Each structure stands twice: as C-alpha cells, then as structure tokens.
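Student: Just so we're on the same page, this note's numbering is the position in the sequence shown counted from 1, plus 6.
Note that the Cβ used here is the ideal one computed from N, Cα and C, for glycine as well.
In this text the structure is predicted, and so the values were computed from the model without any measurement.
Structure incoming, see below.
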Amino acid sequence: MQALSTIYQIISMLTNVLVMLIIIQFIIGLLFAFNVVNRSNDFLAGFYMAINRLLEPVLGPIRNLLPNTGAIDFSPLVLIILLNIVLIVLGNVIYG
Numbered sequence: 007m008q009a010l011s012t013i014y015q016i017i018s019m020l021t022n023v024l025v026m027l028i029i030i031q032f033i034i035g036l037l038f039a040f041n042v043v044n045r046s047n048d049f050l051a052g053f054y055m056a057i058n059r060l061l062e063p064v065l066g067p068i069r070n071l072l073p074n075t076g077a078i079d080f081s082p083l084v085l086i087i088l089l090n091i092v093l094i095v096l097g098n099v100i101y102g
C-alpha cells in the first residue's frame with residue numbers, strides 16, 4: 007500500500023507541474039496578445055516556445071477532438087479538468 011501511495015504522490019506532483027505550465031503558457035500568451043510584452047523579448051519568447059513544445063503533444067489531440075471555437079482555445083481547460091479527474095479516480099482507487 008505504501009508503494010501505491012508513493013506513486014500517487016508522484017503523479018499528483020507531476021500533474022501540479024503540468025497545470026502550472028499551462029497557466030504560465032496562458033499568462034504569457036495574454037501578455038503577448040495585449041502587447042503588454044513585445045514578442046521581441048527573447049527570454050519570454052523562448053520560454054513561451056519551450057512551454058508550447060512541451061505541451062503541444064498533449065494539447066494537440068485534445069484540440070482535434072474539440073469543435074473549432076475561433077480565437078478561444080479550450081484545450082488547456084479540458085486538460086486541467088481531465089488531469090484532476092484522473093487524480094480523483096486514482097485517489098479513490100488507492101485510498102478508498
């Protein structure tokens with residue numbers, strides 16, 4: 007039982023990191039979209055591109071499943087909800 011608890015804690019930590027990256031990607035995207043920060047800022051542009059490269063393999067298939075909503079991308083929200091559902095189910099299986 008201790009091993010399952012440890013695995014759950016590791017998955018929970020990785021999920022939290024993924025959610026933080028999604029939120030950071032969203033905030034930087036807003037800063038670029040509203041011209042608060044110029045895209046010529048090399049540090050933020052590089053950081054944003056790195057996060058996009060990390061998240062695109064996960065967000066891409068979700069985008070393909072969702073209907074086209076124009077300029078609003080709901081795939082990060084769907085991913086956060088799915089990750090939380092997985093954590094709830096795993097927690098109930100392990101501790102329930």
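Can you tell me where the alpha helix (DSSP H) holding Leu24 begins and where it ends?
Tutor: Taken as a continuous stretch (DSSP letters only), the alpha helix (DSSP H) holding Leu24 covers Gln8 to Ala39.
Student: Thinking C-beta only, is Ile86 closer than 8 Å to Ile28?
Tutor: Yes, the Cβ-Cβ distance between Ile28 and Ile86 is below 8 Å.
Student: If Ile100 and Ser11 are in contact, beta carbons under 8 Å, what's the gap, nearest whole angstrom?
Tutor: At roughly 6 Å, the Cβ-Cβ gap stays under 8 Å, so Ile100 and Ser11 are in contact.
Student: Hey, how far is the Cα of Leu89 from the Cα of Gln8?
Tutor: Taking the straight line from one Cα to the other gives about 22 Å.
Student: Do Phe32 and Pro82 come within 8 Å of each other at the CB atom, strictly closer than that value?
Tutor: Contact flag set, yes.
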